[in-house]
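Mapping to the working numbering: the sequence shown position 153 is 184, numbers consecutive. We treat Cβ as the ideally placed atom computed from N, Cα and C, and that holds for glycine. Read through the structure below, which is laid out as structure tokens, and then see the notes.
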Amino acid sequence: MAPLTEVVIVTLKRDADMKTMASACASLGAQPGCLAVRTWRTHRDPDKVHFFISWDDIKSHRAFEAKTEVHRSVLRQLGEVMTSYKTPYHLALKPSSPAAVLGSGNSGVVLLAEAYFPGGGSGERFAEHEREKVSAAFDEFVDGFGGAGFTGQVAGGWSLEGDIEHAGEGTRLFCFAVGWQSTEAALRFKDAGGFGKVVSWIAGWEGLKDVQVSLLNRLDAA
Numbered sequence: 032m033a034p035l036t037e038v039v040i041v042t043l044k045r046d047a048d049m050k051t052m053a054s055a056c057a058s059l060g061a062q063p064g065c066l067a068v069r070t071w072r073t074h075r076d077p078d079k080v081h082f083f084i085s086w087d088d089i090k091s092h093r094a095f096e097a098k099t100e101v102h103r104s105v106l107r108q109l110g111e112v113m114t115s116y117k118t119p120y121h122l123a124l125k126p127s128s129p130a131a132v133l134g135s136g137n138s139g140v141v142l143l144a145e146a147y148f149p150g151g152g153s154g155e156r157f158a159e160h161e162r163e164k165v166s167a168a169f170d171e172f173v174d175g176f177g178g179a180g181f182t183g184q185v186a187g188g189w190s191l192e193g194d195i196e197h198a199g200e201g202t203r204l205f206c207f208a209v210g211w212q213s214t215e216a217a218l219r220f221k222d223a224g225g226f227g228k229v230v231s232w233i234a235g236w237e238g239l240k241d242v243q244v245s246l247l248n249r250l251d252a253a
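Shown next as structure tokens:
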């Protein structure tokens with residue numbers, strides 16, 4: 032299989048020991064097949080942290096989970112600094128690579144959109160050809176997107192999982208990240224109605240159940 036990005040969203044304790052989180056990230060990043068561990072804070076809610084964990088293959092992630100003691104050690108460390116977490120999911124991101132959008136070479140600001148669609152646990156079908164329509168709409172969005180301060184880097188994709196819990200039901204997620212040169216540039220885009228236009232554009236996708244748009248700032252605890 033192709034490389035995947037695991038997304039884990041946690042809420043930190045107010046007095047979280049960032050050294051403990053950095054240690055957990057370092058242990059995770061040292062696992063075979065783990066290409067990178069990148070951490071980002073939500074701009075309006077700094078206690079909410081997104082982990083973007085790049086794996087060379089889903090099998091490498093499963094192998095890490097099977098290494099019981101190491102896996103438990105990382106979870107124990109994360110458990111010391113967080114109060115809650117959302118169900119993790121995996122993405123195959125394109126056209127930009129995770130490193131280009133989320134890596135240390137960028138400016139450290141991204142707009143993240145999470146669009147929820149019917150999944151296997153929802154009792155509704157959202158067939159492959161319907162997902163392809165959304166993917167095609169995203170490709171058009173990438174081709175036409177622009178704005179002062181936009182880095183030109185965009186990456187998105189469907190979740191590998193089709194049963195992500197959201198609002199009490201199973202969903203499949205389409206997620207994408209847009210790079211910005213600075214927080215100020217992203218906020219100017221937002222204040223000019225740019226975020227609203229993105230949400231309105233996504234709202235036109237057939238089958239959409241919900242959409243959440245956030246601005247993230249790079250943290251990188253490791």
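Taking all protein chains shown into account, Lys-228 has fewer than 16 neighbouring C-beta atoms within 10 Å of its C-beta and is therefore exposed. Going by C-alpha positions, Lys-125 is about 27 Å away from Pro-77.
Where Phe-220 is concerned, the enclosing alpha helix (DSSP H) starts and stops at 214-222. Beta-bridge analysis with DSSP links Pro-126 to Ala-186.
Looking at the backbone, the Cα of Pro-63 and that of Glu-96 are separated by about 12 Å. With a threshold of 16 other beta carbon atoms within 10 Å, Glu-237 falls short and is exposed. In this structure, the straight-line span from the alpha carbon of Glu-111 to that of Leu-142 is close to 28 Å.
In the DSSP annotation of this structure, the continuous segment of the alpha helix (DSSP H) that includes Asp-170 starts and ends at 159-175. Here the C-alpha atom of Ala-216 lies approximately 13 Å from the C-alpha atom of Gly-183.
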